[in-house]
Amino acid sequence: MTITITNIKRIGSDQTESVTIENGTIKGWNLPAEGETIDGQGGTVAPAFTELHAHLREPGQTEKEDLSSGLAAAAAGGYGTVVSMPNTSPVVDDPAIVRSLIQKAQGLGFARLRPAAALTRGQQGEALAELTYLKEAGAAMFTDDGRTNENARTLRLGLETAASLGMVVSVHAEDASLRADGVMNEGAVSEALGLPGNPAAAEAARVARDIEIVAGLHAQGRPARLHIQHLSTARALDLVREAKKRGLSVTCEVCPHHLTLTDEALRSFDAIYKVAPPLRTQADAEHLLEGLRDGSVDCLATDHAPHTRAEKERDLLEAPSGIAYIELAFPLMYTRFGESLGLERIIELMTTAPARVMGWPEPSLEAGAPADLVVLDLETERTVEPATFRSKAKFTPWAGESLKGWPLLTVVDGKVAYRRV
Amino acid sequence: MSAATTTTSARPRHLLDFTEWSPERLNAILDNADTMLQVLDRPVKKVPALQGMTVCTAFFESSTRTRTSFELAARRMSADVMTFAAGASSASKGESLRDTVEVLTQYKVDAYIVRHHAAGAAHLVARYSGKPVINAGDGRRAHPTQALLDAYTIRQEFGSLEGKTVAILGDVRHSRVARSNAELLPKLGAKVVLCGPATLLPAELGTLPGVTLTSDPQAAVRGAHAVMALRLQQERMGGGFLGSLQEYADTYQVNEGLMQEAESGAIVLHPGPMNRDVEISHEAADGPRSRILKQVENGQAIRMSVLYHLLVGRE
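In structure tokens:
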């Protein structure tokens with residue numbers, strides 16, 4: 001199968017070019033057009049994005065999302081690869097489930113699925129899952145996300161095992177006993193609203209513990225790789241900075257919603273703003289943004305967490321946590337932070353950076369590289385209309401906002417996974 | 001916008017908290033309660049103000065006193081009252097709050113009185129109902145009619161709230177009454193001192209205008225014109241906040257001894273229900289300074305006044 005995309009600019013260049021893709025590989029640039037020709041409408045081409053943290057809800061919670069809707073949404077957001085979280089029903093702790101998810105996703109033609117598997121059986125945090133078999137089945141990483149790893153010894157054993165397999169363990173770093181019944185950031189807003197707060201220390205304390213576990217293994221010559229998910233507080237980021245200085249394999253991701261929203265949004269009492277970890281303060285958001293600039297934050301991830309509308313229309317105590325916006329992540333980041341971070345850094349945080357975290361080959365647009373790419377319209381402003389989302393979760397905090405940077409075309413494995421051209 | 005900086009004189013559509021309420025509007029509610037008290041003293045305790053209207057009490061959290069007070073208030077204004085007792089949680093049956101409200105809307109209700117265990121639930125009802133909503137207590141967030149009746153009771157005693165000091169002692173952290181009073185009383189010119197064990201006294205509440213915090217009960221009560229004891233809400237605590245009830249009672253109980261620190265004419269308040277001899281002594285609850293039963297009577301007048309203000313007295 002051959003495609004030629006014309007009228008595109010490579011990121012960092014003003015020159016209009018064309019790229020030819022053949023059998024899943026970039027054949028070359030500015031060759032005579034072959035096969036299907038697609039007009040890229042002057043868009044900017046970059047490697048397709050990689051999402052390390054998405055909840056696709058299959059198996060078992062397909063009323064919220066399924067592989068088809070979730071991976072279609074990802075492709076519409078410019079993603080070529082998605083790591084799905086294993087806190088489904090049943091939990092992805094069985095090699096057969098990993099295989100079946102990969103097999104099903106392959107037939108869909110949207111973004112590529114790389115399922116994460118549970119670190120512990122049933123994500124119960126006590127007994128390790130069969131990590132060797134899960135890796136063989138195709139699991140991309142191990143995580144008990146959706147839950148916090150309260151049992152430090154089990155996490156340590158998991159990190160040791162994963163390290164021996166060359167795999168990353170990612171963690172939802174939050175001390176559940178400090179979080180207690182908190183549903184939003186603990187602070188002036190939570191007290192004014194009378195809502196139980198989740199203190200910043202719940203995250204920092206857990207990050208500190210997990211770093212010390214890695215440090216202990218590192219000292220024994222076991223370089224375990226810990227990835228901290230959806231970092232939300234300034235203090236926790238400082239701890240990660242210190243860990244990096246110590247030479248530990250500790251990486252972290254930050255989500256656009258923690259950069260663009262604060263706990264003030266909860267004054268609406270709208271559960272659409274209920275996320276875990278919670279929206280923090282403006283100072284936290286600015287600190288995280290600085291971390292993206294200086295490299296102490298490794299990559300962006302969305303924590304795409306779809307729920308049904310009815311669930312999110314419950315009160316703040318009962319509504320589940322999570323926002324689903326994988327289709328908006330790049331336009332949101334580019335519109336809000338295009339000037340302060342720069343286009344190239346944002347793209348890096350969504351392409352090369354997540355690949356580095358995982359130890360995967362770095363994406364490339366050079367001839368011979370896998371043909372995973374996205375064409376972005378950096379000029380046209382469009383209003384966010386949730387009704388048009390591919391995701392089943394057709395609501396978002398940014399509904400009605402005008403954003404630019406929308407994907408025009410996403411190619412995965414040499415095939416068109418999404419196109420608006 | 002914070003409550004303290006809100007100066008709008010527009011007539012609010014709902015009573016969810018006091019954010020949108022100006023001091024003038026709040027004083028109008030209190031003034032009108034005088035008239036309502038006179039109605040309650042008549043042989044026929046009924047006026048036709050809300051005739052033909054239907055008021056729905058939607059209580060998602062159990063309550064007897066507040067609901068009774070509201071229902072009587074509505075009936076004394078000649079409204080029809082529809083009682084919706086949702087039990088512990090309609091969500092446990094899978095229905096969202098929005099769905100519940102949209103069903104109730106089909107009954108052509110003119111106003112909703114909402115109690116819910118979750119902060120902000122009354123705001124959600126207001127968003128979906130299209131009709132005036134009175135918050136009858138939402139989680140730890142707000143209980144505005146309770147604060148209004150507290151303010152009214154203090155004003156009844158001293159003629160004005162201007163320059164008065166109100167000490168509120170107890171489980172501040174879990175108290176919607178404390179939050180609503182901390183929002184309302186400074187708007188009406190009073191100072192509020194919140195007092196309790198450090199674990200039950202969120203530091204952030206001390207940033208509200210006109211509000212100070214202390215864990216020293218003697219200091220809190222010193223010079224106070226009104227002293228309010230709050231119930232220890234053990235059902236909301238989940239343990240760990242206190243060493244023991246005895247330790248708490250020995251330190252923070254509102255009793256005759258503590259009241260010696262207050263102004264000579266100081267009164268004792270309690271939003272009820274009381275844990276006698278825990279947060280308040282028998283003697284303080286029943287003594288000459290107590291206005292606890294007066295609060296109950298005033299509550300009905302205040303609720304009549306609020307209903308009138310939201311449903312009839314619109315410009």
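Protein sequences, first through last, are from chains S and E. So that you can map any letter, position 54 of the first sequence is 54 in the UniProt record's numbering, and since no number is skipped, the others follow by simple counting. So that you can map any letter, position 214 of the second sequence is 214 in the UniProt record's numbering, and since no number is skipped, the others follow by simple counting. No residue lacks a Cβ here, since even glycine has one placed at the ideal position from N, Cα and C.
Counting only beta-carbon atoms, is residue 242 of chain S nearer than 8 Å to chain E? For residue 242 of chain S, the answer is no, since every Cβ of chain E falls outside 8 Å of its Cβ.
Thinking just about the alpha-carbon of each residue, which of S:109, S:85 and S:110 is nearest to the one in residue 98 of chain S? Closest in alpha carbon position to residue 98 of chain S, among S:109, S:85 and S:110, is S:85.
Residue ranges of each alpha helix (DSSP H) within the stretch 118–146 of chain E, 4 or longer: Qualifying alpha helix (DSSP H) stretches, in chain order: 121–129.
Leaving aside the five residues before and after residue 89 of chain E along the sequence, list all residues of the same chain whose C-beta is less than 6 Å from its C-beta, in chain order. In this prediction, residue 89 of chain E scores a pLDDT of 49, lower than 50, which makes its location untrustworthy; no coordinate-derived value is stated.
From the DSSP output, in three-state form, read off residue 58 of chain E for me. Residue 58 of chain E sits in a strand when the DSSP states are folded into three classes.
Using the rule of at least 16 other Cβ atoms within 10 Å of the residue's Cβ for burial, across every protein chain shown, is residue 293 of chain E buried or exposed? Only exposed fits residue 293 of chain E, as fewer than 16 other CB atoms lie within 10 angstroms of its CB.
Is residue 9 of chain S helix, strand or coil when you go by DSSP? Of the three classes helix, strand and coil, the one that applies to residue 9 of chain S here is strand, per DSSP.
Can the beta-carbon of residue 175 of chain E be found less than 8 Å from the beta-carbon of residue 234 of chain E? Not in contact: residue 175 of chain E and residue 234 of chain E (Cβ atoms no closer than 8 Å).
CB contact below 8 Å: residue 314 of chain S versus chain E: True, the Cβ-Cβ gap to chain E drops below 8 Å.
Using the C-alpha atoms, what's the distance from residue 350 of chain S back to residue 11 of chain S? Straight-line Cα distance between these residues: approximately 14 Å.
With a threshold of 8 Å between beta carbons, is residue 318 of chain S in contact with chain E? Yes, contact with chain E.
7 Å Cβ cut-off: residues of chain E touching residue 261 of chain S: Annotation: residue 261 of chain S has no Cβ neighbours in chain E at a cutoff of 7 Å; minimum Cβ distance is about 17 Å.
Mapping DSSP to helix, strand and coil, what is residue 179 of chain E? Helix.
Grouping DSSP H, G and I as helix and E and B as strand, with all else coil, what is residue 85 of chain E? Of the three classes helix, strand and coil, the one that applies to residue 85 of chain E here is strand, per DSSP.
Which of helix, strand or coil DSSP assigns to residue 323 of chain S: Coil, per DSSP.
Within its chain, find whatever has a CB closer than 8 Å to the CB of residue 169 of chain S; leave out the 5 residues flanking it on each side and keep chain order. Short of 8 Å from the beta carbon of residue 169 of chain S, and not among the five residues preceding or following it, lie these beta carbons of its own chain, in chain order: 119, 141, 142, 143, 155, 158, 159, 162, 224, 225, 226 and 227.
Go through its chain and collect everything with a Cβ distance to residue 1 of chain E's Cβ below 6 Å, but skip five positions before and after it. Confidence at residue 1 of chain E is low in this model, with a pLDDT of 33, below 50, so its placement is unreliable and the value that follows should be read with caution. Same-chain partners within the cutoff: there are none.
Close Cβ partners of residue 422 of chain S (< 8 Å) along its chain, the five nearest in sequence each way excluded: Any property of residue 422 of chain S remains undetermined from this structure, which presents chain S solely from 1 to 421.
Under 7 Å Cβ to Cβ from residue 161 of chain E, same chain only, skipping five residues before and after it: list those, please. For residue 161 of chain E, where only same-chain residues beyond five positions count, the Cβ hits under 7 Å are 151, 154, 155, 185, 188, 189 and 190.
Touching by the beta-carbon criterion (3+ pairs, under 8 Å), the stretch 296–307 of chain S and the stretch 318–326 of chain S: Taking a cut-off of 8 Å on C-beta distances, the stretch 296–307 of chain S touches the stretch 318–326 of chain S, as three or more cross pairs fall below it.
Minimum Cβ-Cβ distance from residue 188 of chain S to chain E less than 8 Å: Judged by the 8 Å Cβ criterion, residue 188 of chain S is in contact with chain E.
State yes or no: is the C-beta of residue 149 of chain S within less than 8 Å of the C-beta of residue 126 of chain S? Result no, Cβ atoms of residue 149 of chain S and residue 126 of chain S do not sit closer than 8 Å.
How would you label residue 116 of chain S, buried or exposed, when you count the other beta carbons within 10 angstroms and need 16 or more for buried? By the 10 Å Cβ count, residue 116 of chain S comes out buried.
In or out: residue 87 of chain S buried (at least 16 other Cβ within 10 Å) or exposed? Burial call: buried.
Could you pull the start and end residues of the beta strand (DSSP E) that residue 39 of chain S belongs to? Counting along the chain, the beta strand (DSSP E) containing residue 39 of chain S begins and ends at 36–47.
Counting only Cβ-Cβ distances shorter than 9 Å, please list the residues of the stretch 179–209 of chain E near chain S, keeping chain order. For the stretch 179–209 of chain E, which is checked against every Cβ of chain S, the residues closer than 9 Å are 179, 183, 202, 203, 204, 205, 207 and 208.
Please classify residue 232 of chain E: does DSSP put it in a helix, a strand, or coil? In this structure, residue 232 of chain E counts as coil in the three-state DSSP scheme.
Residue 85 of chain E versus residue 314 of chain S - alpha carbon distance: In a straight line, the C-alpha of residue 85 of chain E is about 17 Å away from that of residue 314 of chain S.
Which residues share a DSSP beta bridge with residue 92 of chain S? Its beta-bridge partners do not exist; DSSP assigns none.
Closer than 8 Å, CB to CB, is residue 140 of chain E near chain S or not? Yes, residue 140 of chain E lies at the interface with chain S (some Cβ there is under 8 Å from its Cβ).
Within the same chain, show all residues whose beta-carbon is closer than 6 Å to that of residue 28 of chain E, passing over the 5 residues directly before and after it, in chain order. The beta carbon of residue 28 of chain E sits closer than 6 Å to none of the beta carbons in its chain outside the five residues before and after it.
Residue 316 of chain E by DSSP, collapsed to three states: which one? What the structure shows of chain E is the stretch from 1 to 315, and residue 316 of chain E is not part of that stretch, so it cannot be assessed.
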